[in-house]
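Protein chains in written order, with my numbering: chain A, 1 to 267; chain B, 268 to 334.
Beta carbons: idealized from backbone N, C-alpha and C, even for Gly.
Treat the numbers as computed from the prediction; the structure is a model and nothing was measured.
Printed below as a string of structure tokens:
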């Protein structure tokens with residue numbers, strides 16, 4: 001089925017975006033990413049060791065940027081200024097790569113987005129030429145504000161980052177989808193395959209996840225499950241589900257032509 | 268003697284030195300890194316010509332696993 005996810009004018013075959021944190025090692029990261037079929041992988045930007053550990057393995061070698069589309073994030077940033085600085089470093093690190101994931105956090109307990117700072121950072125980054133995918137609250141009004149500022153994807157949380165609580169407010173996710181023309185990608189909260197399918201059935205354009213895969217007992221198998229769930233949810237959405245019929249049963253089999261009952265029920 | 272802050276840690280050098288030399292002394296030459304000096308990106312092409320001087324604050328980063 002030719003049904004690409006288009007972000008900032010570029011087409012992707014997979015609607016699953018995957019994070020690279022919390023795996024046992026880079027070999028497992030690579031195996032899980034490959035099993036997921038994801039083409040876009042998020043990475044964090046952190047201070048390097050300054051000579052203490054010269055042989056530290058490099059993520060960029062495990063997941064070559066030539067094979068995957070890197071999506072550097074601003075995880076851990078609590079202000080617009082820090083987020084912008086982090087992504088400028090990311091662009092320098094990745095030879096001018098300008099597709100980025102902005103997240104400006106409100107507090108370390110909930111990791112909920114600080115939306116005023118997020119909007120401010122979006123403004124600065126767009127002006128600076130970045131293509132910004134934005135982690136945000138599931139608020140349709142602020143999603144529209146982000147769209148108007150010129151970001152390239154709206155990424156509402158479905159529940160708290162790393163919580164695995166699933167799609168807690170499908171109505172708001174739906175409102176966000178209806179409010180914007182940009183791709184809407186659920187970012188955060190997915191715990192298992194059915195959560196990813198639900199997000200896609202709602203009409204999301206994609207799902208971004210990390211912990212749901214990395215913290216599974218078998219991350220590679222979960223990555224495979226997520227791939228199928230995202231595909232199944234997408235096809236169910238496109239196929240158009242049957243309407244729900246409350247308090248009404250409707251037989252699937254013909255009601256005519258059943259054989260005569262062997263004895264009267266009235267008897 | 269100059270003092271430079273690299274990734275939050277104080278470092279001392281005999282004299283101002285090229286950023287490329289500082290990177291080499293930290294065993295980071297040839298590694299995929301990005302450098303910010305006093306809040307501004309220093310492009311890779313400018314590492315050789317950029318002099319690190321007393322009081323400079325450097326951030327040297329890499330890509331790591333993350334969501």
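For residue i, would you say it is in contact with chain B, using Cβ-to-Cβ distances shorter than 8 Å as the test?
i: residue 201(A); result: no
i: residue 22(A); result: yes
i: residue 233(A); result: no
i: residue 8(A); result: no
i: residue 246(A); result: no
i: residue 92(A); result: yes
i: residue 72(A); result: yes
i: residue 211(A); result: yes
i: residue 15(A); result: no
i: residue 75(A); result: yes
i: residue 89(A); result: yes
What is the rounded straight-line gap between the Cα of residue i and the Cα of residue j?
i: residue 111(A); j: residue 275(B); result: 24 Å
i: residue 23(A); j: residue 5(A); result: 26 Å
i: residue 35(A); j: residue 242(A); result: 31 Å
i: residue 306(B); j: residue 282(B); result: 22 Å
i: residue 11(A); j: residue 255(A); result: 48 Å
i: residue 210(A); j: residue 46(A); result: 18 Å
i: residue 26(A); j: residue 67(A); result: 15 Å
i: residue 8(A); j: residue 186(A); result: 17 Å
i: residue 313(B); j: residue 286(B); result: 8 Å
i: residue 65(A); j: residue 93(A); result: 11 Å
i: residue 132(A); j: residue 85(A); result: 14 Å
i: residue 81(A); j: residue 308(B); result: 14 Å
If we call anything under 8 Å between Cβ atoms a contact, is residue i one with residue j?
i: residue 200(A); j: residue 230(A); result: yes
i: residue 317(B); j: residue 304(B); result: yes
i: residue 206(A); j: residue 15(A); result: yes
i: residue 166(A); j: residue 203(A); result: no
i: residue 126(A); j: residue 102(A); result: no
i: residue 42(A); j: residue 182(A); result: no
i: residue 154(A); j: residue 176(A); result: yes
i: residue 222(A); j: residue 212(A); result: yes
i: residue 72(A); j: residue 330(B); result: yes
i: residue 21(A); j: residue 333(B); result: yes
i: residue 89(A); j: residue 326(B); result: yes
i: residue 100(A); j: residue 79(A); result: no
i: residue 29(A); j: residue 62(A); result: yes
Would you verify that the beta carbon of residue i is, or is not, closer than 8 Å to some beta carbon of chain A?
i: residue 297(B); result: no
i: residue 330(B); result: yes
i: residue 269(B); result: no
i: residue 285(B); result: no
i: residue 312(B); result: no
i: residue 272(B); result: no
i: residue 322(B); result: no
i: residue 339(B); result: No answer is possible for residue 339(B): the residues shown for chain B start at 268 and end at 334.
i: residue 316(B); result: no
i: residue 288(B); result: no
i: residue 282(B); result: no
Exercise. Check whether the region 133-141 of chain A touches the region 167-174 of chain A, taking contact to mean three or more Cβ pairs, one atom from each stretch, closer than 8 Å.
Key: yes
Quiz item: Got a sec: which bits of the region 48-68 of chain A sit with their beta carbon under 7 Å from any beta carbon on chain B, in order along the chain?
Solution: Of all residues in the region 48-68 of chain A, 48, 50, 51, 54, 58, 59, 60 have a Cβ within less than 7 Å of some Cβ in chain B.
Quiz item: What residues from the region 18-47 of chain A come within 9 Å of chain E, judged by C-beta to C-beta, listed N to C?
Solution: Here the protein chains are A and B, and chain E is not one of them.
Quiz item: Can you find at least 3 beta carbon pairs, one from the region 216-229 of chain A and one from the region 238-252 of chain A, that sit closer than 8 Å?
Solution: no
Quiz item: Do the region 144-151 of chain A and the region 110-128 of chain A meet, that is, are 3 or more Cβ pairs less than 8 Å apart?
Solution: yes
Quiz item: Would you say the region 284-296 of chain B touches the region 38-57 of chain A, given that touching needs at least three Cβ pairs under 8 Å?
Solution: yes
Quiz item: Given a limit of 7 Å on CB to CB distance, which residues of the region 101-131 of chain A reach chain B?
Solution: none
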